[in-house]
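Written below as structure tokens is the structure these notes are about.
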Amino acid sequence: MIFKVYYQENRLEVPVRENTKSLYVEASTEREVRYHLKDRNFNIELVQLLEGQHLEYEQASQDYQVESIDA
466 MIFKVYYQEN RLEVPVRENT KSLYVEASTE REVRYHLKDR NFNIELVQLL
516 EGQHLEYEQA SQDYQVESID A
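This note's numbering runs 465 ahead of the 1-based position in the sequence shown.
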């Protein structure tokens, strides 16, 4: 499954919507995604499962690059 993660780069700063970034992670569960990212200094706002037309839309973006979790 592909998850889209919305995050702020610095956990210690107050979240500002304009600074929200996103990345895509391939994993089995949201829990795996959060565990995979725990060592990064991210303030994770949302982890969203992408499927169907929403996934197709995201895949059409030029910024679409998926990180894979090696289990």
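Ideal Cβ placement from N, Cα and C applies to all residues, glycine included.
- DSSP three-state assignment for glutamine 530, whether helix, strand or coil: What you label residue 530 is simply residue 65 of the sequence shown in a count that begins at 1. Glutamine 530 falls in the coil class under three-state DSSP.
- List the whole-angstrom C-beta distance separating glutamate 532 from tyrosine 471, where the pair is believed to meet the contact cut-off of C-beta under 8 Å. Locating residue 532 in the sequence shown gives position 67, counting from the first residue. Locating residue 471 in the sequence shown gives position 6, counting from the first residue. So it is not a contact: roughly 15 Å between Cβ atoms.
- Message: Please classify valine 492 as buried or exposed, where buried requires at least 16 other C-beta atoms within 10 Å of its C-beta.
- Response: Within the sequence shown, residue 492 is the residue found at index 27, counting from 1. The sequence shown places alanine at residue 492, rather than the valine named in the question. With 16 or more other Cβ atoms within 10 Å, it is buried.
- Query: What residues match up with glutamate 491 in a beta bridge as DSSP calls it?
  - Reply: The residue given as residue 491 occupies position 26 in the sequence shown. Answer is Ile467, Ser533, bridged to glutamate 491.
- Query: Got a sec, what are the start and stop residues for the beta strand (DSSP E) glutamate 510 sits in?
  - Reply: On the sequence shown, residue 510 is found 45 positions in, with the first residue counted as 1. Run containing glutamate 510: 508-515, per the beta strand (DSSP E) assignment.
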